[in-house]
Structure formats: C-alpha cells, structure tokens
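One rule links them: number in our numbering = place in the sequence shown (from 1) + 306.
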Amino acid sequence: MEEKTKKSRAKKAKTTIIDTPLAESKGSDIIVVASTEHTGAQPPETLTGIRKRRPQTKAGGLPAIGSALKHARKYMRIADARKTMFRLNQKGGIDCPGCAWPDPDDDRSRLGEYCENGIKAIAEEAQRQSIGADFFAQHPISELQQLSDFELGKKGRIAEPMILRTGSDRYSPIPWNEAFQLIGRELNALQSPDEAVFYTSGRTSNEAAFLYQLFVREFGTNNLPDCSNMCHESSGKALSSTLGIGKGSVTLDDFDHADLVIILGQNPGTNHPRMLTALERCKEKGGKILAINPLKEAGLTNFVNPQRPLKILRGGTKLADLYLQVKINGDVALLKAIMSMLLFQEKQELGDIFDMEFITTRTKGYEDFAKHLQQFDFRDLEEACGIPRGQIRKAARMIKKSKRIIACWAMGLTQHENGVDNIREVVNLLLLKGSIGIQGGGTCPVRGHSNVQGDRTMGIWEAPEKEFLDKLEAVFGFKAPRKHGFSTVDAIQAMYRKQAKVFFGLGGNFISATPDTEITAHALRNCNLTVHVSTKLNRSHLVHGKQALILPCLGRTDLDEQESGEQFVTTENSMGVVQMSKGILEPCSEALFSEPAIVAGLAKATLGSRTKVDWTQLISNYDDIRALIEKVIPGFENYNERVREPGGFYLPNPNRKQEFSTADGKAHFSLNKLPKIRLASDQYLMMTIRTHDQFNTTIYGLDDRYRGIYHERRVILMNPEDLEAAQLKSGDQLDLISEYDGQKRVAHKFIAVAYDIPRQCVATYFPEANVLIPVNYFARESKTPISKSVVIKVKKVEELRS
Ligand code: SF4
C-alpha cells in the first residue's frame, strides 16, 4: 500500500490510504482501511439483514427462561446441562464464568442461582462438540477468517494443542512439551524480558493468575496488561486516590438497606442480570432507584423475576423511579448540577442535607469543593448533560431525602477521556451525604468478568506496588523487576512498533477486546510468536504472529484432576468475596491442561534451572499455591481453611468501616473539570454497547432482544431527529468515520436504526465498531480506551464510495 504521511496541513487535505498509521501519520489526512486479511473489523459481503421489533420495557420473565433453555438444549448434552445448572453459583459449586456479580451470603435459591446469561456462558463453555487435528487440517486460516465471531465460537471446544508454523495457512497438532519448549526458546531469545507481553483475561482463577504473575516476574518483566486496563482501571485509579482502595465498598446485603440506588452508565439487565434481583429486593423494602443512562434499558425499568411465578403473572417490579437519559459523557455535568442544587439548599437549611459531621471528621477538601461547585453556570450544566432543570430537581430531591445511598456504575462512566474524573465526581456525591461505610450505602463499581477483580488482587498488574514486589522477593528469593510494564494500550503500541515480539494471552480474545482493530491486528502480526490459552476458537487465533500456538485449557465446568486428586480453584467477585469453584464435567479431551498446569509448564520450559519455585509440586495440589498466596497477599490468612467454608470469605475493605487508606487517612473531595465536548452539526458521539446475546467478546447469538434488534449486529442506533436532519432514514447503510489526531478510521456498512437516544449521541455494538477507537486516545491517568466517547461522522455507503 502506498504510504504518504507528511502532508502539509496548509495544503488541501488529501486522502491517503495506508496500513501503518500509528507512529507516522500525525497531522496528515488519512483513511485507515481494512488490510487484505480479515480481522473481524470489516463487514462481510452482505449483511445478514435486520429484523426490528419494539424495544422491550421489561427484563427477565418467561422469555429469559426460554432463551436460557434454548441455549442449553442446543449446545450442551442434556445430562451435562442438568448437572451444571444446579451446581452453578451454589456454595462449593461452579462459579459462573460470566460476570462478577456476587452470590447471596445466606441461602441460595434451589431453583437455580443464575441468570439467562449464566446459562448461555455455561452452554458456550460446555458445548458438546469439540475440534482437533482433523478440523484444522480441513479448514485453513483463510477460510476460518471468513466466519463471524458467532460462528467461530460455535465450532466446539479445542481438544489438543495446535501450532501454526511460519508460512503455513493451517494449524496442526503439537505435543504439549514441544509447545512449551518452543515458547521458552522464543522468550529466552529476546534481547530483554520486556520484549514479551503477558496478557490476562478476567476468567483466569486466582491460582492460575498468581502463578502467572510469579512466572512473568521471575522471567524479568512487569508486562502484565489485562482486561481490567480496558474497563474498570478508571474506577481503580479514582477510588484509590479518593478513598484509599481501588475496589467498591458495598456488599450484596447493603441493597436490602439502601434508601436509594443510583445506577450510572450501566446496563444490568444484559451485563449483570442477577443484579436485578438485588434491585427488586431494594424496591420491595422501600428503596428507590435513580437510573442515569443515555439509552432507556429494559433492565433498568422493570424486572420480572423468572424465579417468582407470581411476579411473572403480575408483570414484575418497576425499577427506576426516575430515569435520566443523560447525553453521552454528560455525567459530570449532571452530578455537578445535582450537587449545586443540594449545596444551595444546604446553605439555607444549615446541615440538614449534607452529613457535616462525616465531612468534618472523615474527609478533606470540602470547602474547596463547595467553592468549585459554585463556579458553574447552571445553564451550562443543563446544556452539557441534556437533562432539563425539572428532572435535575427531582433527582436532587431523591438524594436529599436519602441517607443510605449506593452508587453503581460500569463502563458508561469509565471509558471516556475523563473516565477517572467521572468516578471521582460520584465519590464527591457520596461524601457529601456521608454514604460510604454505612449499612446500605457505598461505592459499587460493577465488574464485568468473573475474576477480573481477583486477578488484580493476585498481582496481574503492569504497575505493581512496591510492597507487593518486596513480598514476592522475600517469599521466593528472586529479584523482582521494578520498572512498570505495559498496560493494554501500551502493549499494542509496543507490538506495533516491534518493541515487543512475543504475545502470550492467558484466556480472552485480544483482537476483539481491544480498541483500534486494524492497528491491533498489525501489532499482533508483527510478533514472532503469538500464544493463546483458550477453550474455543476465536478471532485472535486467526490474526496471528509469524508462528502461533493455541493451548487448550480446562474450563470452569470441567473436572480438574491432578496428582493429589480433584482440585478446585478460587475467584473473587465484585464485592470482594473469595470463593471456591469446582468443575464437575468430564473434559472433552484428555489432552486439556488446567491453566495453572499450563503456566507451570511454561515456567519450567522457560526458566529451567534459573527458577526458585517448585512448579511441579505446586500443580500436584492447588492448596500449595493458595498457601503461597497467603504468604504474599494480605487478607488471605488461613486461605485454604476459610475458602472451604460455605460461601467463602470477605477480603478486608477499610472503607466499610469508614477508614480511608490515603496518605492522611481522610477521604478526599476532588475538583473535576467539565469535559469539553464540541460537536459540529454533522458529528456524533458514539458509544459501543453489548447486545443481550453476547458476553464481552463471546457472541452467543445475533439478537438483541431487549432493544428489539434481531439477526444483525452491524447497526447504529440514532435519534430519529438526527436521522431526519441528515436526510437519512432507518435502514440506510452507513459508513462510520472517526477522526482523531489527523487520522480517520472507517467502519463500513452499518444499518441505521431510529432509536430513543439523546440528540447527536449514537450507539454501536462492540467489537464491530472497535476499529473506530484510536489506541492512542484513552482516559487520563488510567489509559482506559475511550470506547464510550468516539466522535464520528456518518456517510451513506454510496456517498462515500462515489
Ligand atoms: S449475573 Fe453474572 S455471574 Fe450471575 S449467573 Fe448471570 S452472568 Fe453469571
């Protein structure tokens, strides 16, 4: 491809098509196009064709039961489905590999402690089909690349280790030992351990994660990016700097005691469905719900609990008492507007609204914050959030009347340039009300993947704290690397620039999870070796380095037998509860290794006699891994004993006692600027969202039932008035163009759908629209990609091509 990068801005802008834009393109006018190999970023020849129904206003109910059963029946053996369903999320059972929502501490439902998506996750993992040497011999990469992500996932469980040798178009089998030796050779041939990237997905158990970071640091690098970098890194940064701990403070029980639950930038009905049960209980006990989200989601309006037949008959429970359809990234403005109103009244009513005793004794920065709030013109705030004054007043009234307030949020807040500020603004509100560390009040960042929080606790972090590394050194007797490593966006850029040459992914689907698909594809192709530990085929196996390996592992549902007998693993949920998970199904192949065993094999082959760890012993009994975790990580005292207690144990969280581990022991108010969002009349702010038929990068089906969109994923939800103003209509095929730092990125062929979304805001599905998200544009402080605020233009397909 032609490459011209240094065009003068003074000259007429010229479109240049290149395939290596990241480093060289600054200031030029460039369109990034799909490379010739299929990365999943660009559309098939023809779209599948959309079917549209009215968006639903209720979540759960019989359709949820029907959908769950359909998936279980279609993809699992009936006996396996029966066995797993009644062990899922039970004490001592299988921890759902879906989201990180916690299970009740006390009695759990005998009917089943899971949601529709939990069953879909199990049906995906425990599918009856498997694929091995024959399958890969028949299907070259070039053919597999043409399949959709949905089709790839449904090919079956991978049954043996596979290698793609240099120059080949087909994976072929490789014995485990040879695979480990090959990786070890490639790693040891690097000029520096920092030339390797070791990624982790949030499904990885505590045991595997601890061993993995131990190996990586013994090898000599902190290059441990993870999926947390792309979701709640902003929450961690904001909570640590204001409250002294990067985790939420509430427990599930708090929802029973809350006066008010505020839900911001989160869609629990699709992404954390059992949260709806907690919200239902909150409502039944007299609590209120304030929903703040650009899209009106069924899971925030009404919930029909599938486990309560009477509720099914009577039509469920109304959830949101007030629903504010804020503009995308209008949350800081809205929160400031609400707090300004409260401050005004507080001054008049002298201490009746804010918790002045808490503020005085436990916090720092209130006076400055109060002054800061008064600097804003209310009309500017109204304009920036898109919510009329009357609605803001209603929200302020709900907050004024409430003492016990829980604030829940997800990626609608974190994935903006100002993602960290968004969370800090939420903390400001809770501090004003003294709503942290009380029963029924506190912070609740809702985590996406089942052990994403636990992996970070285990040390999967590119920026480890000194104390953690000191402890590793003391316990294991090796010199831990001190230089911070690559986050996910750093890792992509390093591979792109050939500064990193080996990519190892413990779980996940890197190419689909990450921003800037074409750039990331280019980065992976630059590597000498890419390795994926996986259960099923995914796009990342097809966008590979010069050599590539697929190492098939046991899933959560699989029985894990090691030398000392059957093993269990442990995970930490969104509320800091550590619990066990024990698989029960016969693995689809004898050739599968557990994730801890894969890490041990890798460590032995790479480190040889250099290692100070007895990897073989650790794998024979996972109790030995947990005994080491206990020595390194605070809060895991008597780990093996306590995790065997039904339901596990809570990790310490000082915020629950109104203690703040900041330098001065106080909770901190923060002064956060309003984000500057200026859109021309033909520009839109795009956020990526998930359908109801997917979990992160795993696509269970092609429907988005709650939003009434069926059979097609390449859609763009637009306000009907915006469509009309742009002389477009529902059903038009559009190309989407993002522009950042002089570069344009194009995602082809999206079907316009008129939808109830604020003006100049649009929504597209992840990962199809990831190609539009620049890898070098991310949240300040946290480096979380800005997947929820991408400025785009749209063009009718014929227009752009002509
Ligand atoms: S709410 Fe999350 S953890 Fe619970 S069953 Fe559903 S997907 Fe699994």
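Ideal placement from N, C-alpha and C gives every residue a C-beta, glycine not left out.
Reduced DSSP secondary structure (H/G/I, E/B, other) of residue i
i	result
W921	helix
M764	coil
P902	helix
K1101	strand
A690	helix
F942	coil
A429	helix
T342	Low confidence applies to T342: its pLDDT is 46, below 50, so where it sits in the model is not reliable enough to give any reading.
E449	helix
C537	coil
G914	helix
I337	For I337, the predicted structure reports a pLDDT of 45, less than 50, and the residue's modelled location is therefore unreliable. A value from the coordinates is still provided. In the structure shown, I337 sits in a strand (DSSP, three-state: E or B).
I931	helix
E422	helix
H828	helix
A1032	coil
I744	strand
F392	coil
S331	Since pLDDT at S331 reaches only 43, below the 50 mark, its modelled position is unreliable, and the value read off the structure follows with that caveat. Correct three-state label for S331: coil.
S1093	coil
L835	strand
F1001	strand
F774	helix
Q885	strand
Top-ranked residue by Cα proximity to residue i, from the options
i	options	result
R491	A909, R948, L1078, L1008	A909
T557	G473, P410, E524	P410
T548	D822, G605, I742	I742
A1032	T1003, F1072, D988, S1044	D988
V733	Q681, I665, I890	I665
I939	G725, V610, I766	I766
Q885	T763, F1056, V949	V949
G740	V808, G813, M662	M662
E1087	G542, E419, G526	G542
I705	E1104, V567, V883, R788	V567
M764	I644, A597, A933	A933
M460	G1014, S448, S436	Note on residue identity: the sequence assigns Lys, not Met, to residue 460. When each option's Cα is compared against that of K460, the closest is S436.
I904	R471, I447, Q487	Q487
D552	S967, A713, R360	Note on identity: in this sequence residue 552 is Gly, with Asp being the wrong assignment. It is S967.
L641	L570, R710, N529	L570
Boundaries of the alpha helix (DSSP H) in which residue i is found, first to last residue
i	result
Y381	367 to 381
F504	Where F504 is concerned, there is no enclosing alpha helix (DSSP H), although the beta strand (DSSP E) it sits in stretches over 502 to 506.
E723	That residue, E723, is in no alpha helix (DSSP H); it is neither H nor E in DSSP.
R695	695 to 707
T667	662 to 668
Q444	439 to 444
L458	455 to 459
G472	The displayed chain sequence assigns Thr, not Gly, to residue 472. Counting along the chain, T472 falls outside any alpha helix (DSSP H), and DSSP gives it neither H nor E.
T576	574 to 577
Limits of the beta strand (DSSP E) - the one that residue i falls within
i	result
W715	711 to 715
D674	Not the beta strand (DSSP E): D674 falls in the alpha helix (DSSP H), residues 672 to 679.
Q1039	1039 to 1046
E878	875 to 878
T994	990 to 995
Interface flag, residue i vs chain B, CB-CB below 8 Å
i	result
N724	Judged by its chain identifiers, the structure shown contains no chain B, having just a single protein chain.
Inter-stretch contact at 8 Å, needing at least 3 Cβ pairs: the stretch 774 to 788 / the stretch 798 to 808 = no
Within the stretch 585 to 657, ranges of the beta strand (DSSP E) (whole runs, at least 3 residues) = 594 to 598, 608 to 610, 628 to 630
At least three beta-carbon pairs within less than 8 Å, the stretch 1048 to 1056 to the stretch 1073 to 1080 = yes
Would you be able to state if there are at least three C-beta pairs under 8 Å between the stretch 603 to 610 and the stretch 561 to 577?
-> Yes, since at least three Cβ pairs between the stretch 561 to 577 and the stretch 603 to 610 fall closer than 8 Å, the two stretches touch.
Would you be able to state if there are at least three C-beta pairs under 8 Å between the stretch 673 to 681 and the stretch 967 to 984?
-> yes
Quick one: complete alpha helix (DSSP H) runs, 4+ long, within the stretch 484 to 529?
-> 512 to 525
Whole beta strand (DSSP E) runs in the stretch 843 to 872 with 3 or more residues, listed along the chain?
-> 853 to 858
At which residue ranges does the stretch 780 to 825 contain complete alpha helix (DSSP H) runs of 4 or more residues, listed in the order of the chain?
-> 794 to 802, 816 to 819
Determine, using beta-carbon pairs with one atom in the stretch 860 to 880 and one in the stretch 354 to 369, whether at least three such pairs fall under 8 Å.
-> no
Evaluate the contact criterion for the stretch 751 to 759 versus the stretch 402 to 422: three or more CB pairs, one atom per stretch, below 8 Å.
-> yes
Are the stretch 630 to 639 and the stretch 689 to 697 touching, with three or more C-beta to C-beta distances below 8 Å?
-> With the cut-off at 8 Å, the stretch 630 to 639 and the stretch 689 to 697 touch.
For the stretch 482 to 497 against the stretch 447 to 465, are there 3 or more C-beta pairs whose distance is under 8 Å?
-> no
Can at least three beta-carbon pairs, one atom from the stretch 837 to 845 and one from the stretch 524 to 542, be found at a separation below 8 Å?
-> no
Meets three-Cβ-pair contact criterion under 8 Å: the stretch 1016 to 1034 and the stretch 460 to 476 = no
How do the stretch 640 to 655 and the stretch 610 to 629 stand: do at least 3 beta-carbon pairs fall below 8 Å, yes or no?
-> no
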